[in-house]
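S.K.: Below you will find the structure I want to go over with you.
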Ligand code: GLC
Ligand code: GLC
């Protein structure tokens, strides 16, 4: 069952009924001011940091699930009837409803009582404000007198404090109302030099800024007292809960259309110019008013919207494809790329599943996210790598997370996830391959942000590799530490105390439990660094890395192979995890994917066996589960993985992040049909038709789909902020379509379904635009035997990097 449809030409998903199984959301903003918005206008906004500079309030896990947002009420002054054109919060049945989520904007339109309403929400590029552009049309044959009421609930800035510290916060709230603009200025009187504002293009008939006046005692957002009676109370918030509501009264003639603009924004004043007059307590509005005036003017708002569209068209233009699969096309061309940009902007901070107050930027997550956006914004990828490296510890280890505002490592979580540092090598390699910018390796960065410790990025990478080699266990495999990629495989935790963090509790010395996953990751990273060293003229060092990789591979084949698949780990007792010998958790997905991606087992037949085992034991119609059998109870020596009920999250859920590793492994083995089959199983667009089962948005990946052991097999959760976005993008574009940046050029090595006659792609790469046509006349899976550049054949299948040229370069690749 569907709840909408894809409009690929407009690059929108159009939702056609408001009661989606879960809120289906979108993101606004791409620079510093951001918002999340649901299909019924729920959500909130913040400036840079979703915890520390939250502009509007939002209550997670509310009832209904999504309540609180950018709401507008319309009221017919004659009948007294009122409704919300975005359905929530009145939930009056609308005669027509559509929500179009586009790239950086959302438009919600509806019709009720012959009044057509449409609100377009977006954030102009480079501005710290959001525009709600409302248009109203009277479809009656007679004039209609309407009142409209805007509403927003302000957050007292620090979202955590806002949700907990009521003894203080009920007394601090302050606002100013001037010329129809509502200013939220809590704590501006003391150490903050920022405030929020809420403005309207029309003359007001009233306003409210105190929530309980507007709503009335014991009432909620579904029927505010002000709206019900048809008049605001002109309340001024002193403490309690500051809100913003404008009342506008208007008479619409038959067929008349009116446009009204609301602005919600964030503004900072220089610390010494906060007040006007300077010795007063009144906000100095000199620098904000020009901005407010500008965007309350419709032509400027429209122009800003066009600029936003251009911005996204330019970003997405870096890679466009036309394949026989509409699901692949729309994910590659639109939604997967868009989701990768959102994960770049948000990391794991703010979604409907991440509350914006918890997790900082993950070291491992951010390094992997790079894979999905580096081709669109290489310069921002460069910055991100440098930020990450500057938090690295002198040991080569990494803080597991760092905070966005300070860019410093997070001490609460600390370090000790032994896979972390290796991802920096892979992230940097991806950047080098995309950009060819070798100068990044010479950038000098501190360790632990400590001034005076600056060393070239290259040395940070050297230390990352050494970190693993200095931490080997009894079998010569890497020690796992707190966990590896699987945050929930906590083999040194042994926690028996409720509420203790699995992530930070360590009761064992950590000298026994080993990770086969990190071994595979190490082999991949060491070979990558060897190439980087070689290219930098460090032949001897390169040879050492190759040798270390070779030794690790041999150890892995000796102690990390179970006969039919790769083992997962050794626990603190030295027992196997992910072995046929185990009662539960006999086979895990991560090592099957990562070891093969590192090239292990491709020559001796192990890869083929491992992939067959994945198909036999782990594959389901909804994707590949993380392990089997699921853990049926809590195991002290395994940690959080066994804390989840079977089929959910890391306990045998379909943890979508790992599925593309198998797709890539299948592609490396030459299995184009299998790779694409797995690709489609979790492709959100391909699952659109089962939206009532999948339940999350059909246009973006979710972190998890419930596995076969779960009662709700096939149900997705935790959409948007997941490494799934980047890895699926890499799997389809680089390995299945096979257009893969390498150090010396662009590799064209598709591994596709045999039934595909070919496909076309446009790829920007190092200043050139390649228009690539792949032909598959003999129905093969792989094997480019002929490569023509502007009609002349070149040997091999690598397009050598060329000096940037304005002209498009035509390429033809033939599988034979
Ligand atoms: C979450 C984390 C990621 C981790 C994964 C598996 O997605 O963000 O870092 O690798 O879970 O536990
Ligand atoms: C929990 C989740 C895991 C996530 C981690 C992040 O362990 O199960 O997916 O990576 O929290 O802190």
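Numbering (the numbering used here), first residue to last: -17 to 798.
Glycine included, every Cβ here is placed at the ideal spot set by N, Cα and C.
Just so it is clear, the structure is predicted and the values come from calculations on it, not from any experiment.
1) Indicate whether residue 563 and residue 407 have their beta-carbon atoms separated by less than 7 Å.
2) Is the closest heavy atom of ligand 2 to the C-beta of residue 631 under 6 Å?
3) Do residue 469 and ligand 2 come close, with the Cβ less than 6 Å from some heavy atom?
4) For a test of your reading of the model: does the CB of residue 346 fall under 6 Å from any non-hydrogen atom of ligand 1? Yes or no.
5) For residue 288, count the other beta carbons within 10 Å of its own beta carbon; 16 or more makes it buried, fewer makes it exposed. Which is it?
6) What runs of the beta strand (DSSP E), each 3 residues or longer, lie entirely inside the segment 704 to 790?
7) For residue 622, is the beta carbon positioned less than 6 Å from some heavy atom of ligand 2?
8) Three or more C-beta pairs under 8 Å: does that hold for the segment 657 to 668 against the segment 312 to 331?
9) Is residue 359 helix, strand or coil when you go by DSSP?
10) Within its chain, find whatever has a CB closer than 6 Å to the CB of residue 223; leave out the 5 residues flanking it on each side and keep chain order.
11) Do residue 619 and residue 554 have their beta-carbon atoms positioned less than 7 Å apart in this structure?
12) So which of 228, 196, 699 and 689 has the shortest CA-CA distance to residue 161?
13) What do you get for residue 358, buried or exposed, if any count of 16 or more other CB atoms within 10 angstroms of its CB means buried?
14) By DSSP, does residue 489 sit in helix, in strand, or in coil?
15) Would you say residue 241 and residue 468 are within 7 Å of each other, going by their C-beta atoms?
16) Below 8 Å, can you find three or more Cβ-Cβ pairs linking the segment 379 to 395 to the segment 410 to 423?
17) I need the straight-line Cα distance from residue 57 to residue -2, nearest angstrom please.
18) Contact defined as beta carbons within less than 8 Å: I believe residue 395 pairs with residue 33. What is the distance between those atoms, to the nearest angstrom?
19) To the nearest angstrom, report how far apart residue 545 and residue 332 are at their CA atoms.
20) Quick check on the DSSP output: the alpha helix (DSSP H) that includes residue 327 runs from which residue to which?
21) Does ligand 4 have a heavy atom nearer than 6 Å to the CB of residue 179?
22) Would you check if there are 3 or more beta carbon pairs closer than 8 Å linking the segment 57 to 75 to the segment 13 to 28?
23) On the three-state DSSP scale, how would you describe residue 253?
24) Which one of 711, 347 and 655 has the shortest CA to CA distance from residue 321?
25) At what residue ranges does the segment 372 to 429 contain a whole run of the beta strand (DSSP E), taking only runs of 3 or more?
26) Using 8 Å for Cβ pairs, my map puts residue 106 next to residue 233. What's the rounded Cβ distance?
27) Mapping the DSSP letters down to three states, classify residue 157 as helix, strand or coil.
28) In the DSSP output, what is residue 179 paired with across the bridge?
29) Once DSSP output is grouped into helix, strand and coil, what is the label at residue 0?
30) Suppose you measure from the CA of residue 742 to the CA of residue -7; what does that come to, to the nearest Å?
31) Determine the direct distance from the alpha carbon of residue 496 to that of residue 84, and round the result to whole angstroms.
32) Drop a sphere of 10 angstroms on the beta-carbon of residue 373, count the other beta-carbons inside from all chains shown, and report buried for 16 or more, exposed for fewer.
33) In angstroms with no decimal places, state the Cα-to-Cα distance between residue 433 and residue 111.
34) Give me, in chain order, the residues of the same chain whose beta-carbon lies closer than 7 Å to that of residue 349; leave out the 5 immediate sequence neighbours on both sides.
35) Is it buried or exposed, residue 493, if we count other Cβ atoms within 10 angstroms and call 16 or more buried?
36) I'd like to know if residue 490 contacts chain C, where contact means its C-beta is closer than 7 Å to some C-beta of that chain.
M.R.: Considering the structure as presented:
1) no
2) yes
3) yes
4) yes
5) Of the residues assessed, residue 288 falls on the exposed side of the cut-off, its CB having fewer than 16 other CB atoms within 10 angstroms.
6) Segments of the beta strand (DSSP E) lying fully in the segment 704 to 790: 721 to 724, 727 to 730, 740 to 747, 750 to 757, 766 to 771, 774 to 776 and 780 to 782.
7) yes
8) yes
9) DSSP places residue 359 in coil when its eight states are reduced to three.
10) Excluding sequence neighbours, residue 223 sits near 193.
11) yes
12) Residue 228 is the option with its Cα nearest to residue 161.
13) buried
14) Residue 489: coil per DSSP, three-state reduction.
15) no
16) no
17) Cα to Cα, residue 57 sits roughly 23 Å from residue -2.
18) Contact doesn't hold; Cβ gap of about 15 Å is too wide.
19) 43 Å
20) 318 to 328
21) Looking for ligand 4 in the displayed structure turns up nothing; the ligands present are ligand 1 and ligand 2.
22) yes
23) helix
24) If we check each option's Cα against that of residue 321, 711 comes out closest.
25) none
26) Actually they do not touch by this definition, with Cβ atoms about 31 Å apart.
27) It is a strand residue.
28) 165 and 247
29) coil
30) 19 Å
31) 45 Å
32) buried
33) 35 Å
34) 370, 405, 406, 408 and 409
35) exposed
36) Protein chain content of the structure displayed is limited to a single chain, and chain C is not contained in it.
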